[in-house]
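One structure is given below, encoded as structure tokens.
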Amino acid sequence: MIRVENVTYGYGEGMVLEDISFKEQEHGITAIWGRNGAGKTTLMKLLAGHEKPSKGNIEIMGNNPYNRADVVRHICYMQEDHPFSSIWTIKDALRFARYYFSNWDDDLARRLMKVFKLNEKKKVSKLSKGMKSALQFIIGISSCAEITILDEPSNGIDASMRKKMHQELREAQEDYPRLILLSTHHIEEIQSICDSLVVIHDEKVFLHEGMDEIRELGIWLSGEKSKVNDAIADQRILETSNLGSRLKVMVDAPYNEEWKEIAALHGLSIEKVKLQDYLLNKTEEA
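Structure (structure tokens):
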């Protein structure tokens, strides 16, 4: 469905993305994660056909999306701060979305309006950050576009509403199978509903894995220093913390039965590293 091949993009002499390649061929939910300024939004704009690569090729459902109205009709891209008209009400925004997206689900949009408690008479320009994010999410999900791209959809939304949003996201994807890409700073919260993960770092695709595989990586080992050092010989260590005579280390290894046995053999405690902490340390190491 999406193929990115040796894509480079920059502004003037500044490089934003350099020689990146990845593919997503199946329906599902793909998270895009990276530190601030990593190029996540630029990648989304390229996929949506808003920008043209300096080099390389992008294909959406077999076609280049740039300057192709027939291709971008299959794409719904909701930016982090989407540029709605300053005179539109919520009702206007939904009405134009209904005209544009051929697969638009009006019943879903109306139900989500109630879930997020939005008043269709309110002007979009008067919405809080969280309410505008909710509106953008409603349009993105209700579009039922084959490729749905959401840039930080939960920005400004409180924890309880983010939980509802993630539930609605998974249910909508199951009801109308498609490829959903979303960037997020809340990777820990959404990893359970995602099928794969793309990490952008240093202008490149640093990591592209199935979420089932990536969520098992990273373990904490702690205990007496000498025993920890014996257990971690030749292992890649991502973080170290000295606690007097004790040592705690983050090991770049899968949390599995083998490592549980190693920990027990050396009298060490073992626990799974949070995905956010693992990714921060992996990109810091890089």
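Numbering-wise (this note's numbering), the sequence shown opens with residue 74 and increments by one. Note that the Cβ used here is the ideal one computed from N, Cα and C, for glycine as well. Remember, predicted model here, so these are calculated numbers, not experimental data.
Selection from the options that minimises the alpha carbon distance to residue i
{"i": "ILE253", "options": "PRO226, LYS237 and GLU261", "result": "PRO226"}
{"i": "VAL197", "options": "ILE230, SER159 and PHE169", "result": "SER159"}
{"i": "GLY18", "options": "GLY110, GLY291 and PHE95", "result": "Past the boundaries of the shown model lies residue 18; the chain is included only from 74 to 359, so the question cannot be answered."}
{"i": "ALA232", "options": "GLU247, GLU261 and ARG243", "result": "GLU261"}
{"i": "LEU208", "options": "VAL322, LEU119 and MET186", "result": "MET186"}
{"i": "ASN192", "options": "SER175, ARG171, GLU219 and LYS164", "result": "LYS164"}
{"i": "ILE93", "options": "VAL278, TRP332 and TYR173", "result": "VAL278"}
{"i": "HIS123", "options": "CYS149, GLY213 and GLU282", "result": "CYS149"}
{"i": "ILE361", "options": "GLU289, ASN354, VAL271 and GLY317", "result": "In the structure displayed, the chain extends from 74 to 359; residue 361 sits before or after that span and is not available."}
{"i": "GLN308", "options": "GLY317, LEU316 and LEU294", "result": "LEU294"}
{"i": "MET323", "options": "VAL346, ASP180 and LEU167", "result": "VAL346"}
{"i": "GLY317", "options": "TYR172, LYS298, HIS155 and GLN98", "result": "LYS298"}
{"i": "GLN98", "options": "ARG251, ASN302 and ALA337", "result": "ARG251"}
{"i": "MET134", "options": "GLU358, LEU120 and ARG288", "result": "LEU120"}
{"i": "LEU338", "options": "ASP178, GLU358 and LYS300", "result": "LYS300"}
{"i": "TRP106", "options": "ILE287, ARG183 and GLU244", "result": "ILE287"}
{"i": "ASP154", "options": "LEU200, TYR172 and ARG171", "result": "LEU200"}
{"i": "ASN176", "options": "MET151, LYS190, HIS147 and ARG243", "result": "HIS147"}
Check whether residue i and residue j have beta carbons under 9 angstroms apart
{"i": "MET117", "j": "ILE222", "result": "yes"}
{"i": "CYS267", "j": "GLY101", "result": "yes"}
{"i": "ILE273", "j": "GLU344", "result": "no"}
{"i": "GLY340", "j": "LEU320", "result": "no"}
{"i": "PHE169", "j": "TRP161", "result": "yes"}
{"i": "ASP285", "j": "SER256", "result": "no"}
{"i": "ILE263", "j": "HIS239", "result": "yes"}
{"i": "GLU312", "j": "MET74", "result": "no"}
{"i": "LEU270", "j": "THR103", "result": "yes"}
{"i": "GLU241", "j": "ILE214", "result": "yes"}
{"i": "ASN140", "j": "LYS125", "result": "yes"}
{"i": "THR356", "j": "ARG108", "result": "yes"}
{"i": "TYR328", "j": "GLU289", "result": "yes"}
Which residues DSSP lists as bridging residue i, in chain order
{"i": "PRO327", "result": "LEU290"}
{"i": "ASN315", "result": "LEU320"}
{"i": "PHE95", "result": "VAL77"}
{"i": "ASN192", "result": "Its beta-bridge partners do not exist; DSSP assigns none."}
{"i": "HIS274", "result": "LYS277"}
{"i": "TYR84", "result": "GLY87"}
{"i": "LEU255", "result": "ALA104 and LEU223"}
Cβ shell of residue i (< 7 angstroms), same chain only, five flanking positions each side left out
{"i": "ILE335", "result": "ALA304"}
{"i": "LEU90", "result": "VAL80, THR81, TYR82, GLY112, THR115, LEU116 and GLU276"}
{"i": "GLY129", "result": "GLU78, ASN79, VAL80 and THR81"}
{"i": "GLN349", "result": "ILE260 and GLU261"}
{"i": "TRP332", "result": "ILE292, ALA326 and ILE343"}
{"i": "PHE157", "result": "ALA166 and VAL197"}
Limits of the unbroken alpha helix (DSSP H) element including residue i
{"i": "ILE102", "result": "Not the alpha helix (DSSP H): ILE102 falls in the beta strand (DSSP E), residues 101-106."}
{"i": "GLY213", "result": "202-215"}
{"i": "HIS239", "result": "232-248"}
{"i": "GLU261", "result": "260-263"}
{"i": "SER299", "result": "298-304"}
{"i": "TYR173", "result": "163-173"}
{"i": "VAL197", "result": "No alpha helix (DSSP H) contains VAL197, which DSSP labels as neither H nor E."}
{"i": "TYR351", "result": "348-358"}
{"i": "ASP143", "result": "142-145"}
{"i": "THR115", "result": "113-120"}
Cutoff 6 angstroms; reference residue i; Cβ partners in own chain excluding five residues on either side
{"i": "TYR229", "result": "The question names Tyr, but residue 229 is Gly in the sequence shown. Cβ within range, chain order: LYS202, GLY203 and SER206."}
{"i": "ARG76", "result": "LYS96 and GLU132"}
{"i": "LEU181", "result": "SER215"}
Distance cut-off 8 angstroms: residue i Cβ against heavy atoms of the ligand ATP
{"i": "LYS125", "result": "The ligand ATP is not among the ligands present in this structure, which contains no ligands whatsoever."}
Terminal residues of the beta strand (DSSP E) in which residue i lies
{"i": "LYS128", "result": "128-133"}
{"i": "GLU282", "result": "277-283"}
{"i": "GLU344", "result": "342-345"}
{"i": "ASP224", "result": "220-224"}
{"i": "ILE266", "result": "Neither: ILE266 is in no beta strand (DSSP E) and is coded neither H nor E."}
{"i": "TYR150", "result": "148-151"}
Residues of its chain near residue i, where Cβ-Cβ distance is below 8 angstroms and the 5 sequence neighbours each way are ignored
{"i": "SER127", "result": "THR81, TYR82 and GLY83"}
{"i": "VAL188", "result": "LYS237 and GLU241"}
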